[in-house]
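Accompanying notes for the structure given below.
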């Protein structure tokens, strides 16, 4: 899913040469990712494999449909702030979707922090106040107290940082179009689906459901029954980018309160079969923090063979939590 290659004008000789070039580029890409994995594994507070920390647990489970292309991350003390945690669940697609999922998981958080610091530095230099960027962030709580309907200044900066980081990440992935890679970002909110479909149609794309999947809306080329993407936002897309599929994220803000007990992020392997209420009940009944994520993935086994990634974060110790979502829903109770 995600590849769009025309072979009408290719001779046997050129096709063979083209295939060798793809294999070479793919091998180099995967080799670089393996080296990056080793370096990032040493970073304190960063966890990408099944396990638990003092505030969160993550779990992934291999399905029966080939390589698990999902990836996940918990990064505590994110951006050198003790009260900030980065949570991410990423769903890759295509023959090398697992490599792209890991690439975005590893690169996007760092890009986000860099953009965040650059924006804050620019704001501080243009301000009469010579305070640190930490002071600028802390002022956001005062803004909320003054007007509950006004966005905190920190969120405005975070949102701009997300947009910039996503743009950089999308451009990087488009440098490897022969890999046929996509990373999914799905609008899961019902009220957003109409707007997403309208954008696709305005760009001459088509949004159609299949008979065996009447609940799944897919994006198709104007004059071809291809590729049928179950998403409207994706990194590195070169097939449907002219027909409404975009890489611009939807960045949302929610101020956590004492009523919020935990945050759940998961791929479609979970949300396709479990409702928000069912997930809340499962997590609430978990005996330990480490068991919370495992219980949800086990509950989906009776319904699906898809790969599943799952993150549960406890809220008690967090004042602020910002995260980038790709093909996920969050649940707060």
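Numbering (full-length UniProt numbering), first residue to last: 1 to 333.
Note that the Cβ used here is the ideal one computed from N, Cα and C, for glycine as well.
Residue i to residue j span [Cα, whole Å]
i: residue 197; j: residue 84; result: 34 angstroms
i: residue 236; j: residue 242; result: 13 angstroms
i: residue 292; j: residue 203; result: 43 angstroms
i: residue 282; j: residue 223; result: 45 angstroms
i: residue 256; j: residue 225; result: 44 angstroms
i: residue 76; j: residue 211; result: 44 angstroms
i: residue 287; j: residue 53; result: 15 angstroms
i: residue 206; j: residue 60; result: 33 angstroms
i: residue 58; j: residue 263; result: 12 angstroms
i: residue 82; j: residue 273; result: 35 angstroms
i: residue 221; j: residue 228; result: 8 angstroms
i: residue 213; j: residue 219; result: 13 angstroms
i: residue 260; j: residue 276; result: 14 angstroms
i: residue 258; j: residue 55; result: 15 angstroms
i: residue 239; j: residue 171; result: 14 angstroms
i: residue 208; j: residue 121; result: 46 angstroms
i: residue 254; j: residue 50; result: 27 angstroms
i: residue 114; j: residue 195; result: 31 angstroms
Chain-order list of residues whose beta-carbon lies under 7 angstroms from that of residue i (same chain, five-residue window excluded)
i: residue 166; result: 247, 248, 249
i: residue 119; result: 157, 160, 161
i: residue 107; result: 169
i: residue 164; result: 115
Cut-off 6 angstroms between Cβ atoms - residues of its own chain near residue i, not counting five sequence neighbours on either side
i: residue 251; result: 159, 162
i: residue 69; result: 92, 97, 98, 101
i: residue 125; result: none
i: residue 46; result: 75
Counterpart residues of residue i in DSSP-defined beta bridges
i: residue 125; result: Residue 125 pairs with nothing; no bridge assigned.
i: residue 91; result: 70
i: residue 408; result: Look at the range of the chain in this structure, 1 to 333, and you will see that residue 408 is not part of it.
i: residue 209; result: 217
i: residue 229; result: 219
i: residue 107; result: According to DSSP, residue 107 bridges with nothing at all.
Own chain, CB closer than 8 angstroms to residue i, minus 5 neighbours either side, in chain order
i: residue 105; result: 48, 71, 72, 73, 88, 90
Proximity winner among the options, relative to residue i (alpha-carbon distances)
i: residue 271; options: 216, 57, 155; result: 216
i: residue 169; options: 214, 260, 112, 44; result: 112
i: residue 193; options: 257, 54, 231, 76; result: 231
i: residue 154; options: 125, 175, 116; result: 116
i: residue 200; options: 239, 229, 245, 56; result: 245
i: residue 67; options: 46, 124, 95; result: 95
i: residue 80; options: 209, 110, 233, 103; result: 110
i: residue 44; options: 121, 51, 78; result: 78
i: residue 173; options: 234, 114, 46; result: 234
Which of helix, strand or coil DSSP assigns to residue i
i: residue 224; result: coil
i: residue 50; result: coil
i: residue 253; result: coil
i: residue 81; result: coil
i: residue 263; result: strand
i: residue 173; result: helix
i: residue 288; result: coil
i: residue 58; result: strand
i: residue 246; result: strand
i: residue 155; result: helix
i: residue 274; result: coil
i: residue 44; result: coil
i: residue 281; result: helix
i: residue 201; result: helix
i: residue 112; result: helix
i: residue 240; result: coil
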